[in-house]
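K.L.:
Here's a structure for you.
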Amino acid sequence: GAGVSQSPRYKVAKRGQDVALRCDPISGHVSLFWYQQALGQGPEFLTYFQNEAQLDKSGLPSDRFFAERPEGSVSTLKIQRTQQEDSAVYLCASSLAGGAYEQYFGPGTRLTVT
Amino acid sequence: DAKTTQPPSMDCAEGRAANLPCNHSTISGNEYVYWYRQIHSQGPQYIIHGLKNNETNEMASLIITEDRKSSTLILPHATLRDTAVYYCIVKTFRANAGKSTFGDGTTLTVKP
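Quick note, the sequences are listed as chains W and B, same order.
According to the working numbering, the residues represented by the first sequence are 138 to 251, in order.
According to the working numbering, the residues represented by the second sequence are 1310 to 1421, in order.
Put into structure tokens, the structure is as follows:
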């Protein structure tokens, strides 16, 4: 009965480094979402997968951000050449079917770029 | 998806009902109202959703006005553990409806 897990929970990167954030969704969940949450603000949508297909990547802030879910389960959010403005909590969520169903969120990865 | 407006903060006494309002005046006919909450340092947690009828589950009740332009989330007996940021979201109920727009939510503080 595990929920959504994310790793690492905390990541400190020097400006210019590449980072990879992992999300393990609930087993059997078709849909997977990534959000970015800046301090004191609500989560901002980044991208959405249905199985291995990335159906919406309209929220990715720049071409430095890339997400994949090659086998329709685990997903990785990669940020290249990190900048200070990338510092945020990155949340992953999964849902049983389409995006209209309730989403189950992981604890997030707090990224700090120094 | 329609935009929502929520008050930035509210207080509630422990044991009393907490009534959290949400305005969604531009909601369209096929859009549902969803509520999530986020306790400090955790990911958001789904609470409830509805289309036009009032809904109740073990966590809360959702009251949607007849014109569907606003709704109220009710926590019937608030406890200190209900202190959180509450988000009202409006979203089309379709299979590939991915994006959810959270806004800044209402910070509910339950006081002893």
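Beta carbons are placed, not taken as given, at the ideal position from N, Cα and C, and that holds for glycine.
Please read all numbers here as calculations on a predicted model, not as lab measurements.
1) Beta-carbon within less than 7 Å of B/A1322's beta-carbon, same chain only, minus the 5 sequence neighbours each way: which residues are those?
2) So with CB distances below 9 Å, who are the chain B contacts of W/A175?
3) Would you tell me roughly how many angstroms separate the C-alpha atoms of W/G165 and B/G1407, rounded to the nearest one?
4) In angstroms with no decimal places, state the Cα-to-Cα distance between B/K1400 and W/S232.
5) What does DSSP give as the partner residue(s) for B/G1359 in the beta ladder?
6) Check whether the segment 1345-1365 of chain B touches the segment 1380-1395 of chain B, counting contact only when three or more Cβ pairs, one atom from each stretch, lie closer than 8 Å.
7) With distances taken between CB atoms, is the gap from B/F1402 to B/N1339 smaller than 8 Å?
8) Taking DSSP as the reference, what is the three-state secondary structure of W/Q240?
9) Can the beta-carbon of W/Y241 be found closer than 8 Å to that of W/G177?
10) Might you give, ordered along the chain, the residues of its own chain that have their beta carbon closer than 6 Å to the beta carbon of W/R247, omitting 5 neighbours on each side?
11) At which residues does the beta strand (DSSP E) containing B/K1378 begin and terminate?
12) So B/H1349 contacts chain W; which residues on that side make the cut at Cβ distance below 8 Å?
13) Bridge partners of B/M1319, per DSSP?
14) For a cutoff of 8 Å on Cβ pairs, would you count W/E239 as touching chain B?
15) Is the Cβ-Cβ distance between W/T219 and W/V250 less than 8 Å?
P.N.:
This is what the structure holds:
1) Here residue 1322 of chain B is taken as the residue at index 13 of the second sequence, counted from 1. Cβ neighbours of B/A1322 beyond the five flanking positions: K1420.
2) Your numbering for residue 175 of chain W matches position 38 in the first sequence. Chain order gives no chain B residues near W/A175, where near means a beta carbon separation below 9 Å; the closest approach is about 11 Å.
3) As a first step, residue 165 of chain W must be located in the first sequence, where it is residue number 28. As a first step, residue 1407 of chain B must be located in the second sequence, where it is residue number 98. Rounded to the nearest angstrom, the two C-alpha atoms are 17 Å apart.
4) Here the question's residue 1400 of chain B lines up with position 91 in the second sequence. Here the question's residue 232 of chain W lines up with position 95 in the first sequence. Here the alpha carbons of W/S232 and B/K1400 stand approximately 14 Å from one another.
5) Sequence index remark: in the second sequence, residue 1359 of chain B carries index 50 (1-based). For B/G1359, which the question treats as bridged, DSSP gives the partners B/V1342.
6) yes
7) Position 93 of the second sequence holds residue 1402 of chain B. Position 30 of the second sequence holds residue 1339 of chain B. Yes, the Cβ-Cβ distance between B/F1402 and B/N1339 is below 8 Å.
8) Here residue 240 of chain W refers to the residue found at position 103 when the first sequence is read from its first residue. In this structure, W/Q240 counts as coil in the three-state DSSP scheme.
9) Within the first sequence, numbered from 1, the residue matching residue 241 of chain W stands at position 104. Within the first sequence, numbered from 1, the residue matching residue 177 of chain W stands at position 40. Not a contact, by the Cβ cut-off of 8 Å.
10) Residue 247 of chain W sits at position 110 when you count from the first residue of the first sequence. Answer for W/R247: Y147, V226, listed in chain order.
11) On the second sequence, residue 1378 of chain B is found 69 positions in, with the first residue counted as 1. Run containing B/K1378: none; DSSP gives neither H nor E here.
12) By one-based count along the second sequence, residue 1349 of chain B stands at place 40. Ordered by position in chain W, no residue passes the 8 Å Cβ test against B/H1349, which lies about 12 Å from the chain.
13) For the purposes of this step, residue 1319 of chain B is identified with residue 10 of the second sequence, where counting begins at 1. Bridge partners of B/M1319: B/L1417.
14) Here residue 239 of chain W refers to the residue found at position 102 when the first sequence is read from its first residue. True, the Cβ-Cβ gap to chain B drops below 8 Å.
15) Start at 1 with the first residue of the first sequence, and residue 219 of chain W comes out as number 82. Start at 1 with the first residue of the first sequence, and residue 250 of chain W comes out as number 113. Yes, Cβ-Cβ distance for W/T219 and W/V250 is below 8 Å.
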